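Residue numbers (this note's numbering): 2 to 377. The next block holds one structure in the form of structure tokens; read it before the comments.
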Ligand SMILES: [Zn+2]
């Protein structure tokens with residue numbers, strides 16, 4: 002499982018030689034057979050061998066050893082049931098090798114550079130929010146958690162707590178139908194109230210960011226009325242889905258709500274950035290954002306996914322800028338880097354700033370594809 006600490010540790014890695022970073026999509030839905038992603042891996046390895054040449058003979062040797070180790074790891078086999086992507090970080094010259102198994106998909110990519118290429122991992126971590134799905138009907142309640150692309154059912158929590166009082170007022174033989182009807186209404190009512198109480202205890206114990214409710218419309222509406230405000234304010238969607246739905250159907254529903262929530266959150270952040278730029282509490286565009294980062298004023302860095310402009314990095318004082326070659330801070334010559342945003346992300350993570358990759362947001366593109374909310 003990926004953790005924030007692991008990504009920060011990778012971002013801070015500095016070695017004596019180049020690092021090979023390899024992302025491999027092993028998602029069973031894209032690649033049903035092992036041979037499918039092994040072919041993809043061979044393409045990536047060939048690409049890395051070519052890229053290593055530019056870094057000199059020592060790098061070529063180190064990268065060749067990295068590739069052998071990555072290839073051996075993949076071909077030795079691994080459990081694909083919960084792994085949809087792999088990320089390898091290797092520097093054989095330093096004896097460094099790290100594998101991250103991602104429960105979310107990754108895009109195939111191989112990078113040879115002085116530092117590990119962590120942006121795709123950071124993007125996965127930032128996009129990940131915890132969801133609960135609660136399905137209700139008149140008789141039963143089911144609870145699922147949807148986290149890092151994995152759906153797990155936790156319906157047993159409703160059995161663990163006795164309902165109490167269910168048997169009271171049970172209609173005897175010969176009751177009239179109106180009485181039975183009223184009784185069954187009462188039972189359904191108590192069932193929903195009980196389910197709401199248990200859901201609160203469970204979700205407060207292991208919190209989630211969003212709750213998805215599903216079931217017949219009027220039952221969901223009543224259930225929502227019983228929910229503690231802590232849960233009620235986390236309700237992200239109400240779906241007409243059967244309480245008997247299979248795991249695939251629940252998972253698909255959770256995925257589509259997750260995508261909608263992500264788009265909404267990103268739009269809100271870009272809106273905040275636009276306002277902040279107006280008041281001086283934010284900056285937008287590459288030059289202004291890199292300057293704020295170097296001055297350690299960044300709180301949250303927002304980047305359009307896929308924005309990879311060239312730029313300059315000072316090896317002496319870590320200055321980053323769009324224009325070279327002399328460092329405006331220490332006057333030393335700087336290095337040209339093919340993706341200065343990658344350097345910016347590493348710098349931000351090292352300084353404990355938050356980083357958010359934004360997909361398909363035209364407003365951020367208009368602002369220059371990168372921007373930052375400032376601490377001061
Ligand atoms: Zn400098």
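Each residue gets a CB set at the ideal place from its N, CA and C atoms; glycine is no exception. On a predicted model such as this, the values are computed, not experimentally measured, just so you know.
- Residue side-chain check: residue 345 keeps its Cβ at 8 Å or more from all non-hydrogen atoms of ligand 1.
- Relative to ligand 1, the beta carbon of residue 330 is positioned inside 8 Å of a heavy atom.
- Taken through DSSP and simplified to helix, strand or coil, residue 228 comes out as coil.
- In the DSSP annotation of this structure, the continuous segment of the beta strand (DSSP E) that includes residue 103 starts and ends at 97-103.
- Bounds of the alpha helix (DSSP H) holding residue 43 are 35-54.
- Remark: C-beta atoms of residue 305 and residue 366 approach each other more closely than 9 Å.
- Between residue 349 and the set 373, 329, 369 and 360, the nearest pair of CA atoms involves 373.
- Judged by DSSP in its simplified three-state form, residue 211 adopts strand.
- For residue 348, the enclosing alpha helix (DSSP H) begins and ends at 341-351.
- Inter-residue distance for residue 202 and residue 155 is about 13 Å (C-alpha atoms, whole angstroms).
- Proximity of the stretch 85-102 to the stretch 328-343 falls short of the contact definition, fewer than three beta-carbon pairs being nearer than 8 Å.
- Take residue 216, set aside five residues on each side of it, and the residues of its chain with a beta-carbon closer than 6 Å to its own are 136, 137, 138 and 244, in chain order.
- About 19 Å separates the beta carbons of residue 67 and residue 103, which is beyond the 8 Å limit, so they are not a contact pair.
- Beta-bridge annotation (DSSP): residue 86 is paired with 26 and 103.
- Taking C-beta separations shorter than 7 Å and ignoring five residues to either side along the sequence, the partners of residue 352 in its chain run 297, following chain order.
- Inclusion of residue 319 in the 8 Å shell around ligand 1 follows from its C-beta lying nearer than that to a non-hydrogen atom of the ligand.
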